[in-house]
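Residue numbering for the sequence shown follows UniProt numbering, starting at 1 and increasing by one per position. Comments concern the structure below.
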Amino acid sequence: MPEKKIRVLVAKPGLDGHDRGAKVIARALRDAGMEVIYTGLRQTPEQIVAAALQEDVDVIGLSVLSGAHMGLTEKVIAKLKENNAAEKLVLLGGTILTRDIPKLKAMGVAEVFPTGSRLEEPIKFIKEKLGGTVAA
1 MPEKKIRVLV AKPGLDGHDR GAKVIARALR DAGMEVIYTG LRQTPEQIVA
51 AALQEDVDVI GLSVLSGAHM GLTEKVIAKL KENNAAEKLV LLGGTILTRD
101 IPKLKAMGVA EVFPTGSRLE EPIKFIKEKL GGTVAA
């Protein structure tokens with residue numbers, strides 16, 4: 001019986017209208033053997049958590065370029081806790097200030113990948129944290 005593949009939801013919370021980076025990381029994760037669900041632009045924290053629960057994902061990857069990462073991420077994590085889903089791995093990528101990273105991790109973000117991070121970094125992080133089946 002094959003192992004369950006790692007399932008990742010890639011989401012663009014807030015009013016940010018740029019999704020090239022989210023699409024690039026979604027493809028890289030898929031090429032690494034993970035199942036990827038991309039929610040599209042302008043998602044609310046409620047929509048993101050609802051999709052994560054419906055799709056039974058292991059990882060939620062938030063992509064934020066707008067500068068609203070603190071509030072949006074906090075709301076997503078609060079909604080996960082409200083829905084007894086705080087065990088889901090939350091990753092954040094995009095335009096993130098270095099000084100915000102410790103605060104984001106304290107609120108429950110597993111790892112932050114600022115603009116300029118190599119595609120291999122989140123793939124390696126997810127594999128190390130969750131194991132699972134990934135294609136070579």
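For glycine and all other residues, C-beta sits at the position ideal for the given N, C-alpha and C. Only a predicted model underlies this, so the values are computations on that prediction, with no experimental measurement involved.
Identify which residue in the options has its Cα closest to the Cα of residue i.
| i | options | result |
| --- | --- | --- |
| isoleucine 6 | Val49, Leu29, Lys23 and Glu87 | Leu29 |
| lysine 12 | Lys88, Leu92, Ala86 and Gly116 | Leu92 |
| alanine 86 | Ile101, Ile60 and Gln47 | Ile60 |
| valine 24 | Gly17, Asp16 and Tyr38 | Tyr38 |
| arginine 42 | Glu55, Ile96, Ser66 and Leu97 | Ser66 |
| residue 183 | Thr95, Val76 and Glu120 | Limits of the chain in this structure are 1 at one end and 136 at the other, which puts residue 183 out of reach. |
| lysine 79 | Val57, Ser63, Gln47 and Ile96 | Gln47 |
| alanine 106 | Leu97, Thr95 and Glu74 | Glu74 |
| histidine 69 | Lys4, Val90, Gly116 and Leu119 | Val90 |
| glycine 40 | Val10, Val57, Lys129 and Gln54 | Val10 |
| serine 117 | Val8, Gly17 and Ala22 | Ala22 |
| threonine 95 | Asp56, Pro102 and Val112 | Val112 |
| residue 137 | Thr44, Ser63 and Gly33 | Any question about residue 137 goes unanswered here, given that the chain covers just 1 to 136. |
| proline 114 | Ala51, Thr44, Arg20 and Ser63 | Ser63 |
What is the DSSP secondary structure of residue i, reduced to helix, strand or coil?
| i | result |
| --- | --- |
| glutamate 3 | coil |
Complete runs of the alpha helix (DSSP H) confined to the UniProt domain "B12-binding" (5-136) [at least 4 residues]: 20-31, 45-55, 69-82, 101-107 and 120-130
Would you say the segment 70-87 touches the segment 114-127, given that touching needs at least three Cβ pairs under 8 Å? no
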